[in-house]
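Below is one structure, written out as structure tokens, with a few remarks after it.
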Amino acid sequence: MRSSLKKALAASLEGGLRRVYDRFPAAARAAVPRTARDFVRERFTSRTLAAAYDDKLWQGFSTQARADLERLKADAGRPLRERTEACYSLARWHAVEGDFAVALEEMRDRLALDPRLWRTGRQYMLEALFLCRLGRTEEARALIERAGAGLSFDIALQLMKANCHNPAVSGSEDGQAGAATLECINAIYRRFRLPEIARRDEDAPLTLDNIRTEGVRTHFDADNKVTVIVPAYNCADTILTALASLAEQSWRNLEVLVVDDCSTDDTAKTVAAFCAADDRFRLIRQARNGGSYACRNRALEEASGRFVTVHDADDWAHPLRIGMQVRALLRSSGPPYNLSRMARATPSLAFFGTWRPSESLTALNLSSLMIERPAFAKAGNWHEVRVSADQEFVRRLDVIFGADHRKQVVSDCPLAFARTVPTSLTRHGNTHVRTFHHGIRRTYHEVVGAWHMSLAERKAEAPAGVPQSLPVPLAIRSGHAAGERLDVVFIGDFNMSGGTYHSAMAMLRAANAAGLSTGLLHYRRYDLDVAAPLRRQVIDHAAENGVRIVSAGESVDARTVVVTHPPILHHRLDMFPRIAHERLVVVVNQMAERDRSGKDMAYDPATVRRHLVEYFGHEGEWVPISGTVRTLMKADRRYPPPHGDTWTPLVDTGEWCAREPRWRGRERGRPVAGRHGRDHVLKWPGARRDLLDAYCAGRACEVRFLGGAAHARTIAGRWPANWTAGEFGTRDVREFLSDLDFFLHYPHDDYIEEFGRAPMEAMAVGVPVILPPVFRATFGDAALYAEPRDVWAAMDRLWADEKAWMERIEAGRAFVMSNCSLDLFPARLRPEGNAPGRQAHVQGEGR
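Right, here's the structure in full:
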């Protein structure tokens, strides 16, 4: 509850600050440096500006985000906390890129900015970690001994001490180094009163494959067998470590099912030999390679234990891992599952943590999930994708059983060492764990997350598991073949609001209605919240209509690619998909500047054109959405020549034109006029007199605003008695429009309105539209045009003449049917004779 309240308050504050900022004229707003604007926004919300840039750093915009973080770090006028957080973000980035010297320098810059940080875990642990990665273990040891003196026991600190002694880290040939490393690790197990580890072969070096535990008291419980599932693929060199650690578990009533996933090495032979020596172990061979989660489900078909757990084929488990988890479940009256923790370890038993460095060197071990077997009947099995189904399944369990897996952890002590190797799926290519933030894993979790929300809302179970219809990335579907060639792929920011979003979705719906195969790439605008998940309505639409959601780093083949909003391309993505295509269309629905004075810049066309060439090999065809845009493009050298077609925004006429329009002059004493639109300073007339005249203040009519009217209230001073206002969401837009007799739309004189989706929607519903004369180039005879001072006279005349009123309805709907119907979209995709040839462009490796 507190978290929700905090988020709501932050959103309210940010919205209030944005409204205050938007009240200033465009020229005044443009004069405010972006850093100052960002500071005001972030200063009064729950997150810092450095945190926002950190999101952008990892979520696809590293080039710009790094520059912004460097600028923030160097700005002496910024709060100290912001600058030190910028150092931390940059340090982690350089470490992930393998440049530990620069990462160390960033952490020391952080300390120089604020010397009080020297005894914080974040500071000394990351400094020590980077020193160890550089082989400077003596410096690291001195650092943690000084910083850690007098502190309470800390697992991460002990593991870092182990690193400092580890000969594989230090390069030392000291014969006692291995013993010192073990002593640091065993201090953790002593703390938790667990058996300690030792070398299996005293004469061999200390490695992950050369550890064992002695003096373990065993226990056999005939009523509580545990099935352990071990998926295995090409792991002949490491699987004996995993199997031996399971054979030595204190909980003796085990059934270990090793599933070989069509290995091409000696994995199956090695496992078979082990099984021959211990009848609790059994080898299952897959008929085809399907991935780890398909292996788990195959084993589940043969499982006979009351409890089921998993173990990775290259990991080591402490002998009490299974016993501790079983006993916790037997004692518990809560959810029928639990987990334990792990420490990631290199083959030489060095502990460097997860892929992105932090002060913690242990993590939740999702592969340690233990679940009562009957629970699968409610939750379904593992999702058979190539990666990330561990997280999905645990979260699905949380939803179905109303729990939080983070509270189902049996101990803080690491009960497994998870082997870290560069070739694993978590560290390799487009399935690297960093794609959880930008790429395939992120898309996957957003898609299944939307389904989880649906389960929670319906309080439903999922005995069949994850629906096959969910648009998960093709590249991680088990057994997938190359994707079919799509008719059209849409690239846009599908989290935006207003006309940009609705117009993009209308094109997608039009393509689906025409039976075209479609895909979409969600390309977030840099200046917005890049961490926000893809809008659930988009995911639901994709699932219902077979739309492929394309992820960063994937490959896709399409006849036509449509960029739905040029400003998104102002900032370059780190991993743009490889898109083979025949035609590229850029829908120009936003000019470079939002205002005619050129002070409020949305994007640089030259930059967008350059990025298009980098992504696709050419800049495509730039298609205006109106005559207004065409005229502006022709007059602006930064744009290529506009395409001959005009892609007017679309609307579902079957829905929007379904209502029979009705003149209410006989039943209403006075007409009802209205407007719906975003409450932005440029969406209202700048002069008070124009505002009052355009929206008929004090006249014999009722005027309703949907979408907020804070700016109008500020400009008007005194709120007119015949005005009412409501926020978006308080009424359905079509319902709101259907109750109007007139639609009025008068933005700021300086505002460039590229089209005017709101007036078009009013025409579709069947409401006469009155606009400033500047809109004539867009709507022609479909609307009435009047200066603000003449609006009431035009409205009053039309209200008195039913025939003329109905003629305006007919003219508006004729425009919509001729220019905006979804049926028009397929013809737009037919390429011109001079369309660019078919090609595929691969993004360069450099950032």
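Heads up, the sequence shown is in the numbering used here, so the first residue is 14 and it goes up one at a time. The beta-carbon is built from N, C-alpha and C at its ideal position, and this holds for glycine as well. Computed from a predicted model, the values in this text were never measured in an experiment.
Look at the alpha carbon of residue i and the alpha carbon of residue j, and state the distance between them as a whole number of angstroms.
i: Arg265; j: Ala429; result: 18 Å
i: Glu815; j: Glu823; result: 12 Å
i: Leu207; j: Glu557; result: 52 Å
i: Leu345; j: Asp411; result: The residue asked about is misnamed: residue 345 is Ser in this sequence, not Leu. Each residue's alpha carbon lies about 16 Å from the other.
i: His331; j: Arg309; result: 22 Å
i: Ala473; j: Asp325; result: 31 Å
i: Asn602; j: Val642; result: 8 Å
i: Arg146; j: Arg311; result: 40 Å
i: Asp279; j: Leu333; result: 29 Å
i: His656; j: Gly721; result: 36 Å
i: Tyr514; j: Leu534; result: 13 Å
i: Arg490; j: Arg747; result: 40 Å
i: Val241; j: Leu103; result: 41 Å
i: Gly184; j: Arg298; result: 42 Å
i: Met614; j: Asp327; result: 54 Å
i: Val829; j: Met776; result: 7 Å
i: Met819; j: Tyr798; result: 17 Å
i: Phe507; j: Leu521; result: 11 Å
Please work out which residues of its chain come closer than 6 Å, Cβ to Cβ, to residue i, disregarding the five sequence neighbours upstream and downstream, and give them in chain order.
i: Gly687; result: Arg717, Leu753
i: Thr254; result: Asp222, Trp329
i: Lys696; result: Gly690, Pro760
i: Met604; result: Leu645, Ile765
i: Gly1; result: Outside the displayed span of the chain (14 to 860) sits residue 1, for which this structure offers no information.
i: Arg6; result: The question about residue 6 has no answer, for the chain in this structure spans 14 to 860.
Can residue i and residue j be called in contact, C-beta distance under 8 Å?
i: Val323; j: Asn237; result: no
i: Gln136; j: Arg123; result: yes
i: Arg354; j: Asp425; result: yes
i: Leu117; j: Ala99; result: no
i: Tyr536; j: Gly511; result: no
i: Asp553; j: Ala524; result: no
i: Asp692; j: Pro801; result: no
i: Leu170; j: Gly161; result: yes
i: Pro674; j: Gly793; result: no
i: Phe838; j: Ala527; result: yes
i: Phe414; j: Pro348; result: yes
i: Glu152; j: Met120; result: no
i: Glu774; j: Trp669; result: yes
Kindly indicate which three-state DSSP category residue i falls into: helix, strand or coil?
i: Glu322; result: Reading off the sequence shown, one finds Thr at residue 322, where the question assumed Glu. Three-state DSSP puts Thr322 in a strand.
i: Ile297; result: strand
i: Val560; result: coil
i: Trp812; result: helix
i: Ala734; result: coil
i: Leu382; result: strand
i: Arg843; result: coil
i: Glu152; result: helix
i: Arg47; result: A caution first: Arg47 carries a pLDDT of 42, below 50, which makes its placement in the model unreliable, though a value can still be read off. Arg47: helix per DSSP, three-state reduction.
i: Ala722; result: coil
i: Gly134; result: helix
i: Arg357; result: strand
i: Glu634; result: strand
i: Cys426; result: strand
i: His450; result: coil
i: Asn602; result: coil
i: Pro861; result: The question about residue 861 has no answer, for the chain in this structure spans 14 to 860.
i: Pro244; result: strand
i: Glu767; result: coil
i: Phe589; result: coil
Please go through the same chain and pick out, in chain order, the residues whose beta-carbon is closer than 8 Å to the beta-carbon of residue i, but skip the five residues on each side of it.
i: His232; result: Ser263, Trp264, Arg265, Gly336
i: Phe364; result: Leu172, Met173, Ala175, Asn176, Ala356, Arg357, Ala358, Leu374
i: Phe749; result: Gly687, His689, Arg717, Leu719
i: Gly462; result: Arg408, Pro546
Leaving aside the five residues before and after residue i along the sequence, list all residues of the same chain whose C-beta is less than 7 Å from its C-beta, in chain order.
i: Val423; result: Met337, Gln338, Ala341, Asn351, Ser353
i: Arg293; result: Leu267, Glu268, Val269
i: Trp805; result: Cys709, Arg712
i: Thr277; result: Asn247
Specify whether the stretch 619–631 and the stretch 587–603 touch according to this definition: at least 3 beta carbon pairs, one from each stretch, less than 8 Å apart. yes
For the stretch 616–624 against the stretch 635–653, do three or more pairs of beta-carbon atoms, one drawn from each stretch, fall closer than 8 Å, so that the two count as touching? yes
Given 8 Å as the limit, is there contact between the stretch 396–403 and the stretch 475–494, that is, 3 or more CB pairs closer than that? yes
Any contact between the stretch 580–587 and the stretch 64–75? By contact I mean 3 or more CB pairs, one from each, below 8 Å. yes
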